[in-house]
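Protein chains in written order, with the numbering used here: chain W, 1390 to 1749; chain P, 1390 to 1749; chain X, 1390 to 1749; chain A, 1390 to 1749.
There are 4 protein chains.
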Amino acid sequence: MGDHFGQLFRIATFGESHGVALGVVIDGCPAGIAVDEAMIQAELDRRRPGQSKLVTPRKEADRVSIMSGVFEGKTLGTSIAMMVFNGDVDSSKYEDFREAFRPSHADYTYHAKYGHRDWRGGGRASARETVARVAAGAVAQAVLRAWIPEINIVGWVSSIADLDAPVDADTVTRVDVDAHITRCPDAETAARMEDTIKKARKSRDTVGGIVSCVVRGMPLGLGEPVFDKLEADLGKALLSIPACKGFDIGSGFAGTRMMGSEHNDPFAMDGDRVRTTTNYSGGVQGGISNGEHLLMRAAFKPVATIFQSQSTVTSSGEEATISAKGRHDPCVLPRAVPIVESMVSLVLCDHLMRHRAHRL
Amino acid sequence: MGDHFGQLFRIATFGESHGVALGVVIDGCPAGIAVDEAMIQAELDRRRPGQSKLVTPRKEADRVSIMSGVFEGKTLGTSIAMMVFNGDVDSSKYEDFREAFRPSHADYTYHAKYGHRDWRGGGRASARETVARVAAGAVAQAVLRAWIPEINIVGWVSSIADLDAPVDADTVTRVDVDAHITRCPDAETAARMEDTIKKARKSRDTVGGIVSCVVRGMPLGLGEPVFDKLEADLGKALLSIPACKGFDIGSGFAGTRMMGSEHNDPFAMDGDRVRTTTNYSGGVQGGISNGEHLLMRAAFKPVATIFQSQSTVTSSGEEATISAKGRHDPCVLPRAVPIVESMVSLVLCDHLMRHRAHRL
Amino acid sequence: MGDHFGQLFRIATFGESHGVALGVVIDGCPAGIAVDEAMIQAELDRRRPGQSKLVTPRKEADRVSIMSGVFEGKTLGTSIAMMVFNGDVDSSKYEDFREAFRPSHADYTYHAKYGHRDWRGGGRASARETVARVAAGAVAQAVLRAWIPEINIVGWVSSIADLDAPVDADTVTRVDVDAHITRCPDAETAARMEDTIKKARKSRDTVGGIVSCVVRGMPLGLGEPVFDKLEADLGKALLSIPACKGFDIGSGFAGTRMMGSEHNDPFAMDGDRVRTTTNYSGGVQGGISNGEHLLMRAAFKPVATIFQSQSTVTSSGEEATISAKGRHDPCVLPRAVPIVESMVSLVLCDHLMRHRAHRL
Amino acid sequence: MGDHFGQLFRIATFGESHGVALGVVIDGCPAGIAVDEAMIQAELDRRRPGQSKLVTPRKEADRVSIMSGVFEGKTLGTSIAMMVFNGDVDSSKYEDFREAFRPSHADYTYHAKYGHRDWRGGGRASARETVARVAAGAVAQAVLRAWIPEINIVGWVSSIADLDAPVDADTVTRVDVDAHITRCPDAETAARMEDTIKKARKSRDTVGGIVSCVVRGMPLGLGEPVFDKLEADLGKALLSIPACKGFDIGSGFAGTRMMGSEHNDPFAMDGDRVRTTTNYSGGVQGGISNGEHLLMRAAFKPVATIFQSQSTVTSSGEEATISAKGRHDPCVLPRAVPIVESMVSLVLCDHLMRHRAHRL
């Protein structure tokens, strides 16, 4: 029931971390959009483990195959299926977690909810499921670019632990971001973040942080009144990413400390176009995009899998001590960037179609 | 398209601020639940304007009528319709906003999206629509109490501007909260908040703040893997409330600055029951409730309607200056508390049904 | 859960036969469509009881009120609520059915499913709920006419009991249909149908029949592959009408007896336009409209409420004998015509939006 | 948008006839259900071409692989993906249909709707997509059997062209049905049907017919009021099968010729159980199952692909003549039986979950 996302550009994902394959079915992609495996693969490569010394050295080639929905390089308008087969996985490192629940993981809640659990590599609860989000997001981006050539979605790591990076959301590019293995486009902060991550790894610990995301070239009028406000759907999208525990848009939490007179964004004409002279609203007013930049943040808790010894209990109700083995990220933030961008793309593509459906 | 919420306990709301009536249709409420107008009214009265000297002195009686779905004091299992007729409304104060867009309001985006706008009292974009959320939330709470008698959902104002209240989420009650017109249960902070709100009003300005919400007596296993994680659906629910621009759960944004070893919640047995000894997860792990208290926050920007003069433009593209007239809240936080509780109730009721549907 | 219909033009209906009111919320109607109470009322008047000597003499004025979503005569793009208050209802005639289940009615199944039942006038299971369908259908027709001026949806009674009317689907109009109280546009058959219905009433019995419906001026490309084929969604729509137990389209059941070589519709050019020279497909091929006339039939069983004595059981498991009192239709077919047209309109409006959402 | 089916037991299918693979993702299957490839394969083998001399001699091994959602022989509660890779396909026989539209096929409507079409083997519009329905239906049947051991779903060919088989719906079994290559369990009619099909093939023509389906051991209370009546959802399910142009339930079209006094099903006690003494309602009253046998029919038009020469037009608007090559079924009815059973299973499984979700 939770494996679906979207209303008109609707995806269903599947796959366990150490199962046969992961994948996604996209239902509702318009016909005639240029899509091929190379463009999907390029996004997957940005998410892939083993990209740099900072992230897990696991080798997951993550080769995508398009199974349906694309013919002669263009979408057919019918469902697009994409798969990534799991390579040789080594589940032996997870044997200890077959019975004992890893603290702050999904082990216990899946056990309690379903009574039957794939313990290998975290099963369906593994962040490996985000492969499918990124594959679908690549297609959503192709649709967005076809309809709104000027749209530009850029995510970056804006904080790691207590390090905050000064980044200009009006100008930052994916090239700037990908130039740093931390995916923080501010070189100085990036260097300090690298140190922080390495230090965490050395002490067998993990760190969290914040991914920011801007959308420039936003169309006017996306989002729906009342429940499907654009920030509500973006919030849901990002909060569904593993380890995400917070979301805000525009001034967000900080804005709660401002006065209305400071916070309001005055309107002014910019040639023919209505603009605001500030953007505390983050590009959304009354739940609907006003054409200004979308600017949002997603808070990621530190990775739960640590190499230190921790207290826990087993499925038979006995107390136990466990510690992780194998290869795990000390910090997921760099790899979270393309995932955030993908989820934002999925929401925008869906809302763009919803908007088009109702226009006279 | 945005007027629906929920999958199994599904609501559709309607109504403009100065239209004939507002209301809601609930589709999917189980049969046999005791529901009457008095219990709905009690919740509406907590949301109603004019409750205290802090909030708008507008007199909106907001009397609810049940139109269908309840017979002899119990739900029928079929759709429940509830309505609140608008009393004598005075749209004259809004004449200035017929052409000129109020900054940081929905006026411009609705104009841009629909080309036809009810300018009276904010129309559909007015926070008056939350009447319908609270009426539906009251029914959701009746269902929750019928199925989980121990459940306890309590919201409160945890900050106003830069004033933060120390509140014990393990023990705070609705009685504590409603004892203060600010709905901040900490007496000392409440008094200072009152001053801050009065000062804002005197300077024809407005303030924002944060509503916190705890759910105690949570059932285990609510929430779905991947996209419909409990925090994702709660986030969407709260971010859809007018003026809400941020959401977090558990350690949230603050947790991004912790180490994994501090942040992980160790498991321990408490008699037969698996518990965690800390609750940085906020009661949700892997998107599914673990039985610990849900603890979340919603950030509300300062009210956009201020009595000061502001720069704006009109629908014909001319620059203009406007200032609000009439009666408006200098701070919506106290009235937001029952709205937050209602949205949380709707999400939990929906997820409880989803969980029950799939249990063998 | 069953009170919703549609995906993009989505309705939620409510109301019991003898409750306070019936109504509908439409979510997803485009903005700027001319809608007023008079146009809704005109359709409701075609469905209303007491129109002629053939149908029930109950006086239900069925005055519609628009509660939201329309401003200055045009839709706002947000949810439209419409209500019909129930007048003075007389539930006393239903006292006998409080405990005893009427054969072939919903009394027993509602009792079994919900354990709590509104026995007054059939409650939610009464065909009186179709008021809401017709009100929503009138709005759907307004949208269709705005987008496809040439569209023309005409239903008629094509059979009553064993009387079949020869009607030319290419030319029949609503004026032709409404000229006869049977809503059969063939004068000679109409007269015989009138006799049959009167004879049934005299013998305290009831009759069934078939409503046919044609859509001329159909746009090309409506319907979706695989599950949401146009005939599948039309079938669901009509089969959801009370007493409808069968549906077919094009050659339908009769087509199962033809050879492929007879049944196939050859293509030919008609100027620039691709046409078929026959239309056994009923305007739908591969689930998608081909621009030819849609032609479908809905089978209605005879009315279950008869004035003869019938064997049944009570909710406490005792055998009993009942017979209906009060005012009931001996034949619902004439009143079913606008209901069929409304459901067809709702499906087409929804699919038109779905189609537009995905067009490049 | 049309590639999804179901609300709680929700499937998304994909795949073109001559593409890489076909498959399905099931979202919402309960955890702990015994599922393996052998049980899926058994159902696929009943649908497979090349089973008998009556159906197409194409060799499609149709081997199913479970990609996710099943672990140690039991469902995990998360999404189940299944795939069938297409073997060596020969698209050369379809070269003629690259430009010219086959009469009464989806070629033209897909071309018109999407502007880009996979002409190989019919692409997404090929009935080969039903592989995915049958795979999903096998899982739905496993769930139904786990929850309602006494349930028994049996489909059969009840007519071919003008040959109608007398079959006792109260006793017919799948063994009886599968004993005949026509899947008509009445031996005498089966033999005549065989002749009719062979004669059609010899004359390079095709025939249609009717599949009937009974469900015995039905639970009480499935189906929802108003729009999601059980017959409406069953109707949609069967009408979505390729070539299906009609559906009825219980007395169906024939019942329109009966009087109410004949048609009503009297209630009587059968021990503790409320039963009806006749079953013209086909097991559904007021849209909700009454525990009696469900009995329904689906009308299939004759196969559109014939080996005779036919008039048509091309995508560039020129008139043309085509005739089919390759291997095609002269009659799809025998292979439609497991497809009908699968769709019925999907509807019942979905409605069973919906019912469970709302029960106090």
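Beta carbons: idealized from backbone N, C-alpha and C, even for Gly. Treat the numbers as computed from the prediction; the structure is a model and nothing was measured.
| query | result |
| --- | --- |
| Neighbour flag for residue 1450 of chain X against chain W, beta carbons, 8 Å | no |
| When A:1406, A:1685 and A:1605 are compared against residue 1460 of chain W, the one with the closest alpha-carbon | A:1406 |
| The region 1627-1634 of chain X / the region 1609-1619 of chain A touching (three or more Cβ pairs under 8 Å) | yes |
| Range of the contiguous alpha helix (DSSP H) that encloses residue 1545 of chain W | No alpha helix (DSSP H) holds residue 1545 of chain W; the beta strand (DSSP E) holding it covers 1541-1549. |
| Contact set between the region 1642-1666 of chain X and chain W, restricted to residues whose Cβ is under 8 Å from the partner | none |
| The region 1637-1651 of chain A in contact with the region 1676-1693 of chain X per 3-pair CB rule at 8 Å | yes |
| Own chain partners of residue 1727 of chain X with C-beta closer than 7 Å, once the 5 adjacent residues on each side are dropped | 1432, 1435, 1436 and 1523 |
| Cβ neighbours of residue 1395 of chain A in the same chain (closer than 7 Å, five flanking residues each side left out) | 1735 and 1739 |
| 8 Å Cβ cutoff met for residue 1495 of chain X and residue 1677 of chain A | yes |
| Distance between beta carbons of residue 1595 of chain X and residue 1720 of chain X, contact taken as under 8 Å | 6 Å |
| 8 Å Cβ cutoff, residue 1708 of chain A in contact with chain X | yes |
| Per-residue DSSP class, three states only, for residue 1674 of chain X | strand |
| Neighbour list for residue 1742 of chain W in chain X, Cβ cutoff strictly below 8 Å | 1746 and 1747 |
| Given residue 1653 of chain P as reference, the closest of W:1608, W:1700, W:1483 and W:1732 once Cα atoms are compared | W:1700 |
| Cross-chain neighbours of residue 1551 of chain W in chain P, by beta carbon under 7 Å | 1646 |
| Residues from the region 1457-1471 of chain P in contact with chain A, defined by Cβ distance under 9 Å | 1466, 1467 and 1468 |
| Element boundaries [alpha helix (DSSP H), containing residue 1642 of chain X] | 1641-1644 |
| Partner residues on chain P for residue 1417 of chain A, Cβ-Cβ distance less than 7 Å | 1747 |
| Amino acids of chain W, ordered along the chain, whose beta-carbon sits closer than 7 Å to that of residue 1397 of chain X | 1746 |
| Same chain, Cβ closer than 6 Å to residue 1513 of chain X, neighbours up to 5 away in sequence not counted | 1405 |
| Residue range of the unbroken alpha helix (DSSP H) whose run includes residue 1731 of chain A | 1722-1747 |
| Status (buried if at least 16 other CB within 10 Å, exposed otherwise) for residue 1424 of chain W | buried |
| Cutoff 8 Å: residue 1497 of chain P Cβ touching any chain X Cβ | no |
| 8 Å contact criterion, which residue 1408 of chain X and residue 1454 of chain P should meet: CB distance rounded | Wrong, their Cβ atoms sit about 11 Å apart, outside the cutoff. |
| Contacts that residue 1608 of chain W makes with chain X (C-beta to C-beta distance below 9 Å) | In chain order: nothing, as chain X lies at least about 15 Å away. |
| Run of the alpha helix (DSSP H) containing residue 1429 of chain W, from where it starts to where it stops | 1426-1436 |
| Chain W contact for residue 1555 of chain X (CB, 8 Å cutoff) | no |
| Residue from W:1673, W:1510, W:1659 and W:1640 with nearest C-alpha to residue 1478 of chain W | W:1510 |
| Cβ-based neighbour list, residue 1696 of chain W, same chain, cut-off 7 Å, excluding 5 preceding and 5 following | 1593, 1712 and 1713 |
| Under 7 Å from the C-beta of residue 1614 of chain P: neighbouring residues of chain A | 1467 |
| Min CB distance residue 1402 of chain A to chain W below 8 Å | yes |
| Three-state class that DSSP yields for residue 1420 of chain A in the structure shown | coil |
| Contacting residues, own chain, Cβ-Cβ under 6 Å from residue 1517 of chain X (five flanking each side not counted) | 1406 |
| Interface positions of the region 1559-1587 of chain P facing chain W (Cβ-Cβ less than 7 Å), listed along the chain | none |
| First through last residue of the alpha helix (DSSP H) which encompasses residue 1590 of chain A | 1576-1591 |
| Whole-angstrom distance between residue 1709 of chain P and residue 1428 of chain W, CA atom to CA atom | 47 Å |
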